[in-house]
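Just so we're aligned: the sequence shown equals residues 1 to 250 in this note's numbering.
Yeah, the Cβ is synthetic: ideal placement off N, Cα and C, and Gly gets one too.
Here the structure comes first, spelled out in structure tokens, and everything after it is commentary.
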Amino acid sequence: MHGPHGSLGIKAIPEVVMNWGSLLLLFAAPLVGSLLALFFRRQSEQNFSVVLSFSGAFLFAIVLMHLFPSVFRELNHAGFLVLAGFFLQMLLEQFTHGMEHGHFHARRTGSARITALIVGLIAHSLLDGFPVARFDAAAESHHEVLYGISLHKIPEGFALASVLIASGFGMAVTLLLAIVLAVAAPAAALIGNHIGQLHPETLWVLIALAVGSFLHVTTTVLFESEHPSHILSLKRLLAVLSGAAIALVI
Ligand SMILES: [Zn+2]
Ligand SMILES: [Zn+2]
């Protein structure tokens, strides 16, 4: 039969190794947000809606320019899966109350709610990691998707730490949970990378679900950070336009 090295399975499928710098960025982004919330809470909240608008517009443009075309090219039922991801995100927000888009509507929260919130946010963060597994493997030189997702994770981390502080958690627990959350997306990128080598189509299915989730998160943040009567402040207009413009040129 086959010798130890001669069989079919070991044949040269080039292994796509993840870029460690990308994983580090994906880990650091939500942590930076959490640290901002811990140390500069008051100052950062003032500029928060501008940051939200910028990161929302940036990721929205990345979704349309890079993720949509790839997902629709790779999968036959991409539309269905993106829609499923959109509704999955709606479901997750029943637990997270919109923390993925940097909102913390429920300020003071009991511990059962906090557990649900953390679990929901980790589930969402796993989705955040899957596209990076495909778009940021070492062989690739385009990092737009990574930048879009990382940028969106800064408000995510900020919202998490803000809610934990407001709910009476201490600095140590807040930091610990922020780190747990920060690990989720890079871990999903590694898992996704592994899945992608065994079953490329399964990874694309996960990416399509993530794209649906991004569509929900980014449009929600754009609409919610809007003035109730749709008056666009110059600051926000510039934030939205520059977010989309930078996504177009990188
Ligand atoms: Zn996210
Ligand atoms: Zn919201």
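Does DSSP put residue i in a helix, a strand or coil?
{"i": "Ile246", "result": "helix"}
{"i": "Leu234", "result": "helix"}
{"i": "Ser7", "result": "Annotation note: pLDDT 46 at Ser7 (below 50); position unreliable, no value reported."}
{"i": "Asn19", "result": "coil"}
Going by beta-carbon coordinates alone, are residue i and residue j separated by less than 8 angstroms?
{"i": "Pro251", "j": "Glu156", "result": "Within the shown structure, residues of the chain are numbered from 1 to 250, placing residue 251 beyond reach of any answer."}
{"i": "Ala37", "j": "Ser167", "result": "no"}
{"i": "Gly85", "j": "Thr220", "result": "no"}
{"i": "Phe158", "j": "Gly102", "result": "yes"}
{"i": "Leu75", "j": "Val205", "result": "yes"}
{"i": "Ala188", "j": "Met18", "result": "no"}
{"i": "Ser53", "j": "Val217", "result": "no"}
{"i": "Ala210", "j": "Phe130", "result": "yes"}
{"i": "Leu203", "j": "Gly196", "result": "yes"}
{"i": "Leu121", "j": "Leu160", "result": "yes"}
{"i": "Phe87", "j": "Leu117", "result": "no"}
{"i": "Leu215", "j": "Val32", "result": "no"}
{"i": "Leu67", "j": "Pro186", "result": "no"}
{"i": "Leu177", "j": "Leu198", "result": "no"}
{"i": "Gly192", "j": "Ala123", "result": "no"}
{"i": "Val71", "j": "Ala78", "result": "yes"}
State yes or no: is the C-beta of residue i nearer than 7 angstroms to some heavy atom of ligand 2?
{"i": "His199", "result": "no"}
{"i": "His103", "result": "yes"}
{"i": "Thr220", "result": "yes"}
{"i": "Glu224", "result": "yes"}
{"i": "Gly243", "result": "no"}
{"i": "Gly98", "result": "yes"}
Return yes when the C-beta of residue i is under 7 angstroms from any heavy atom of ligand 1, and no when it is not.
{"i": "Ser125", "result": "yes"}
{"i": "His152", "result": "yes"}
{"i": "Glu93", "result": "no"}
{"i": "Glu144", "result": "no"}
{"i": "Asp136", "result": "no"}
{"i": "Glu74", "result": "no"}
Using 8 angstroms for Cβ pairs, my map puts residue i next to residue j. What's the rounded Cβ distance?
{"i": "Leu126", "j": "Ala184", "result": "6 angstroms"}
{"i": "Ser229", "j": "Arg236", "result": "Not a contact, Cβ separation roughly 14 angstroms."}
{"i": "Leu26", "j": "Ser213", "result": "The Cβ separation is near 16 angstroms, so there is no contact."}
{"i": "Ala281", "j": "Glu144", "result": "It is not possible to answer for residue 281, since the shown part of the chain is limited to 1 through 250."}
{"i": "Ile154", "j": "Ser55", "result": "7 angstroms"}
{"i": "Leu59", "j": "Gly148", "result": "4 angstroms"}
{"i": "Ala57", "j": "Leu222", "result": "7 angstroms"}
Using a Cβ-Cβ cut-off of 8 angstroms, state whether residue i counts as contacting chain B.
{"i": "His194", "result": "The structure shown contains no chain B, having only a single protein chain."}
Verify the contact flag: residue i, CB atom, against every heavy atom of ligand 4, threshold strictly below 7 angstroms.
{"i": "Gly56", "result": "Within the structure as shown, ligand 4 is missing, the only ligands being ligand 1 and ligand 2."}
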